Amino acid sequence: MGMQGRTHGEVTIAGRQTPEGLTLVTRGLAERGLPELAVTGLPLLLGRGWARLLAALAVRLAACGGDPPGDLTLTPDDVSAIGAATRPGWSSLTVGLARDGDRLTPVPPPGYDGPPERWYADAVTRVFPTLRG
4 MGMQGRTHGE VTIAGRQTPE GLTLVTRGLA ERGLPELAVT GLPLLLGRGW
54 ARLLAALAVR LAACGGDPPG DLTLTPDDVS AIGAATRPGW SSLTVGLARD
104 GDRLTPVPPP GYDGPPERWY ADAVTRVFPT LRG
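Mapping of the sequence shown onto the working numbering: residues 4 to 136, in sequence order.
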């Protein structure tokens with residue numbers, strides 16, 4: 004997941020593995036005056052799914068313009084628009100967005116009472132049919 008071949012106005016996802024887990028960061032939202040999206044500490048197994056979710060979130064965030072909302076709700080149409088196949092039967096996924104410096108971090112939505120690590124895994128397996136752990 005690199006930035007090679009990135010053209011002006013395009014948003015890409017860059018990934019880096021650390022001892023704490025996988026870090027994924029968007030590149031290109033700042034060119035539109037928006038904060039980049041970043042998620043850290045992911046197990047490698049969730050990397051592909053979260054790269055797809057970040058791409059769909061980036062499209063929705065860019066469509067919002069202005070000040071970023073506190074959360075975004077993704078639908079199957081949002082995920083299909085980035086070219087990803089989704090699991091049948093889900094209708095929406097609400098993702099909280101927490102400010103972390105000049106970035107936004109996807110977090111469990113308000114009202115979620117489980118551990119964040121479980122939410123990160125559940126979000127991926129709920130949306131994508133082939134990414135079960």
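Where a beta carbon is used, it is the ideal one built from N, C-alpha and C, also for glycine.
Keep in mind the model is a prediction, meaning the values are calculated, not measured.
| Check | Outcome |
| --- | --- |
| Of the listed residues Ser95, Trp122, Leu37 and Asp81, nearest to Ala65 (C-alpha basis) | Leu37 |
| CB contact flag (Ala126, Leu56, <8 Å) | yes |
| Between the CA atoms of Glu13 and Gly31 - distance to the nearest angstrom | 6 Å |
| Alpha helix (DSSP H) segment containing Ala61, residue limits | Gly50 to Cys67 |
| Buried or exposed (CB count within 10 angstroms, at least 16 for buried), Arg19 | exposed |
| Outcome for Gly8 when other beta-carbon atoms lying within 10 angstroms are tallied against a minimum of 16 | Residue confidence is low: Gly8 scores 46 on pLDDT, short of 50, so the model does not pin down where it sits. Its coordinate-derived value is still stated next. With fewer than 16 other Cβ atoms within 10 Å, it is exposed. |
| C-beta contact flag for Gly98 and Thr89 at 8 Å | A quick correction: the sequence has Val, not Gly, at residue 98. No; because the gap between Cβ atoms is not below 8 Å, this pair is not in contact. |
| Three-state secondary structure assigned by DSSP to Val110 | strand |
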